[in-house]
Amino acid sequence: EAKVLRMRFGIEMSTDHTLEEVGKQFDVTRERIRQIEAKAIRKLKHPSRSDKLRTYLDTL
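So in the numbering used here, the last one in the sequence shown is 75, and the numbering has no gaps at all.
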């Protein structure tokens, strides 16, 4: 999930990638990447994790 989000949003990379590009990298469909991305974002929105994310973003 972390790698998918990094690739999709260009975190710690020079550019972001499309669902298709990420799917090819992991040998899965665009739809599966979309599902993984959605699940990871739901996890990040959870209060127990959002504080950690906020701390990380403040360091940027």
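Yeah, the Cβ is synthetic: ideal placement off N, Cα and C, and Gly gets one too.
Rounded to a whole number of angstroms, what is the C-alpha to C-alpha distance between residue i and residue j?
i	j	result
Asp66	Arg49	24 Å
Residue i lies in the alpha helix (DSSP H); which residues open and close that run?
i	result
Asp73	Pro62 to Thr74
Val19	Ala17 to Phe24
Glu35	Leu34 to Phe41
Given a cut-off of 8 Å, decide if residue j and residue i are closer than it, judged by their beta-carbon atoms.
i	j	result
Val38	Thr30	According to the sequence as given, residue 38 is Gly; it is not Val. Going by C-beta atoms, Gly38 is not nearer than 8 Å to Thr30.
Leu68	Leu59	yes
Just checking: is the beta-carbon of residue i within a distance shorter than 8 Å of some beta-carbon in chain D?
i	result
Glu36	Here chain D cannot be found, since the structure has a single protein chain.
On the premise that residue j lies in contact with residue i, defined as a C-beta separation below 8 Å, what is that separation, rounded to the nearest angstrom?
i	j	result
Glu46	Arg23	Going by Cβ atoms, the distance from Glu46 to Arg23 rounds to 14 Å, so no, they are not a contact pair.
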